[in-house]
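One structure below.
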Amino acid sequence: MSSLIFSLFIFVLACFIGFELISKVPPTLHTPLMSGANAISGITIVGALIVAGSVGGQLAHIIGFLAIIFATINVVGGFMVTDRMLEMFKKKED
Amino acid sequence: MSQFLPESILTFLPDFIQIIYLIATAFFIRGLKLLNSPATARRGNQYAAIGMLIGVVITLFDQQILSFEWIIAGVLIGGLIGAVLAKKVEMTAMPELVAVFNGFGGGASALVAWGEFTRTADPTLIPADGLITTGLSIFIGALTFTGSFVAFGKLKGFISGRAITFPGLNLINIGSMIGVLTLVGIFAFDPTNQTIFWIVLGVSLLIGITSVIPIGGADMPVVISLLNSYSGIAASMAGFVLNNNLLIVSGALVGAAGLILTQIMCKAMNRSLANVIFGSFGGNDGVGGSGPTVADGDKIVRETSPQDMAIQVSYADKVIIVPGYGLAVAQAQHVVKEVAEKLEAKGVTVKYGIHPVAGRMPGHMNVLLAEADVPYDQLYDMDQINPEFSTTDVVMVIGANDVVNPMARTDPGNPIYGMPILNVDEAKRTVIFKRSLSPGYAGIDNPLFYDEKNQMFFGDAKKSLQELSEALNEV
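Chains as they are written, first to last, in my numbering: chain A, 994 to 1087; chain B, 973 to 1447.
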């Protein structure tokens, strides 16, 4: 099995998991969910680390550096602001 | 950091990294699952953050990574910007912030694919599928980048919230997308051709702009959700480029989740996704917009006073509050809670009825009320609250309009016809808190204003509620 086909397998199966995970979310949580999922998409930071840190020309390093900045904003900001929102969700205290 | 490890460990390192990636993935899946319920959501987000941390730390041991100065500088700068934005943002500005973060995420994926491509000395050695996924990653990432920032501009008011369009724009957009995809195909056979590469990048950036510009401001949340899905797919494509399973899986999870969420939002507005993207709906200048009590012809508007209102709600058995974005604009969340508490102290049952698209993005109103410490078990979804209106004495509609417009049920010619609404007109009495009789975001008049069971409470939502709160002390 070529690596492309293998990757496609994983990709499609992960899509199905994503569909299943989200289809039951109550509207109350849509905004935090959007922002939390958005933070996860910052996973591209892993790719940015590899591009910025490995052997390559100066241009690759600069592009990788920019990619790290962008992805870190997404990751750090995304998780923090989602936490800020969810911290406020409280049950009636009595 | 693999330099610091003994030789014997290096043999197992690649497999070890993959196993840790698997653990990180499990954290993401578990985290998304926990985000399904308000009681566990915060933990879910923390799980996802831990997964991210695990993924990042173990990647630093990747044997390809030899230098750390760019990495450290980038993480410090990006982390600082992200943290400041996340701490400072007002909850009402949440849609803009998500758009910005999303834009950066998409941009990062495009950069990763581009960087990986420049890193390879001889592009002809990259297999065709690697080149295609590079092209796709750049295409989707770049359009997510510019599209998200246009959405941000529209929400912020830098760019007109109106649907800016001209005949044929949709065709041009579709044509450009097909063009870019074709060029990506050609690029796979001719990777040394710099011109093709630059055209793909440039046109993708343009498509992000031209495909979001024609969409009205009211539909921006749907657009952001869709772009969120794109940024996931862009990350996944970057994973194909780098042969990295963690990126492929996490990106696909977000891509699928974002798509489902987009679908849910469209359903709440009774629109199809295609209609949102190509329909150029909303943001028109509405007719009317005149001051209080000016209604045309035989339409009579009944006004109420704080004192009168206080008596009505004090002697009610059940009151439902329907908040809209106007409430948040006036920063009246805390006052509304104060009013609700005073009523509860008088033995009145108070519930909040939340339309799925109340606020500026789905679920936004829940966040804004949570910020004001309104317990989430007092908030009811549309489907839960609609059967209750007929047994409700007073409904207070505060800063909402289109989501309570009965024309969505009755007038097939109306643009919002078919949109599920809160059936407040079934209650014994409705009171609408509003500045004027002007129509809502969709630019459509609301017959509820002139209904004989309805009263208008004109003025700024916060001021009106404060007056009501004071009047309640005297009842």
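Just so you know, even glycine gets a beta-carbon here, dropped at the ideal spot from N, CA and C.
Item                                                                                                                                                                      : Value
What is the DSSP secondary structure of B/E1275, counted as helix, strand or coil?                                                                                        : strand
Comparing the C-beta of B/L1038 with each C-beta of chain A, is any distance below 8 Å?                                                                                   : yes
DSSP beta-bridge partners for B/Y1324?                                                                                                                                    : B/I1293, B/L1351
For chain A, is any of its Cβ atoms less than 8 Å away from the one on B/E1343?                                                                                           : yes
Helix, strand or coil for B/F1429 per DSSP?                                                                                                                               : strand
Residues of chain A with CB under 7 Å from B/E962, in chain order?                                                                                                        : Nothing in the structure corresponds to residue 962 of chain B, since chain B is present only between 973 and 1447.
Threshold first: 4 residues or longer. Then list the alpha helix (DSSP H) segments lying entirely within the stretch 1086 to 1133 of chain B, N to C.                     : 1100 to 1128
Check whether the Cβ of B/H1336 lies closer than 8 Å to any Cβ atom in chain A.                                                                                           : yes
Under 8 Å between C-beta atoms, does B/R1014 make it to chain A?                                                                                                          : yes
Secondary structure at B/N1256, three-state DSSP: helix, strand or coil?                                                                                                  : In this prediction, B/N1256 has a pLDDT of 40, which is less than 50 and means its spatial position is unreliable; what the coordinates show is noted afterwards. Looking at B/N1256 - three-state DSSP - the assignment turns out to be coil, as it is neither helix nor strand.
Which same chain residues end up closer than 7 Å to A/D1076 when comparing Cβ atoms and leaving out the 5 residues on each side of it in sequence?                        : none
Measure the beta-carbon distance from B/V1376 to B/I1393 and round it to whole angstroms, keeping in mind my assumption that it falls under 8 Å.                          : 6 Å
When you compare each of B/H1336, B/P1378, B/Y1348, B/I1326 to B/M1354 by their alpha carbons, which one comes out closest?                                               : B/I1326
What distance in whole Å lies between the Cβ atoms of A/I1066 and B/F1073, which are believed to be in contact at a cut-off of 8 Å?                                       : 7 Å
Here's the rule I'm using: 16 or more other beta-carbon atoms within 10 Å means buried, otherwise exposed. How should B/K1309 be labelled?                                : buried
Nearest chain A C-beta to B/G1263 closer than 8 Å, yes or no?                                                                                                             : At B/G1263, the pLDDT of 35 sits below 50, so the modelled position is not reliable; the number obtained from the coordinates is stated separately. Not an interface residue.
Evaluate B/D1448 with the Cβ neighbour count: other Cβ atoms within 10 Å of its Cβ, from every protein chain shown; 16 or more gives buried, anything less gives exposed. : Since the displayed chain B opens at 973 and closes at 1447, residue 1448 of chain B lies outside it and no answer follows.
So, helix, strand or coil for B/F1000, using DSSP?                                                                                                                        : helix
I'd like to know whether the C-beta atoms of A/G1049 and B/R1091 end up nearer to each other than 8 Å.                                                                    : yes
Can you give me the start and stop residues for the alpha helix (DSSP H) that B/T1182 sits inside?                                                                        : 1166 to 1184
Under 8 Å: do the stretch 1327 to 1337 of chain B and the stretch 1020 to 1037 of chain A share three or more Cβ pairs, one atom per stretch?                             : yes
Skipping 5 residues on each side, what residues in its chain have a beta carbon closer than 7 Å to that of B/P1193?                                                       : P1067, M1237, R1332, M1333, P1334
Which term fits B/W1170, buried or exposed, when burial requires 16 or more other beta carbons within 10 angstroms of its beta carbon?                                    : exposed
With burial defined as no fewer than 16 other Cβ atoms inside 10 Å of the residue's Cβ, what is the status of B/G1133: buried or exposed?                                 : buried
Just by C-beta distance, which residues in the stretch 987 to 1014 of chain B are closer than 9 Å to chain A?                                                             : Y993, A996, T997, F1000, I1001, G1003, L1004, K1005, L1007, N1008, S1009, P1010, A1011, A1013, R1014
Taking C-beta pairs closer than 7 Å, name the residues in chain A that B/V1047 reaches, listed in chain order.                                                            : I1061, T1065
Determine, for B/P1186, whether the minimum Cβ-Cβ distance to residues of chain A falls below 8 Å.                                                                        : no
Going by DSSP, what residues sit across from B/T1402 in a beta bridge?                                                                                                    : B/V1367, B/N1426
Taking only beta-carbon atoms, is B/V1226 less than 8 Å away from chain A?                                                                                                : yes
Under 8 Å, do B/M1391 and B/M1241 count as touching if we go by C-beta distance?                                                                                          : yes
Taking B/P1328 as the query, report the chain A residues whose CB atoms sit under 9 Å from its CB, ordered along the chain.                                               : P1020, H1023
Would B/N1426 pass as a contact of B/T1402 if the rule is Cβ separation under 8 Å?                                                                                        : yes
Check the Cβ-Cβ distances between B/D1397 and every residue of chain A, and say whether any is below 8 Å.                                                                 : no
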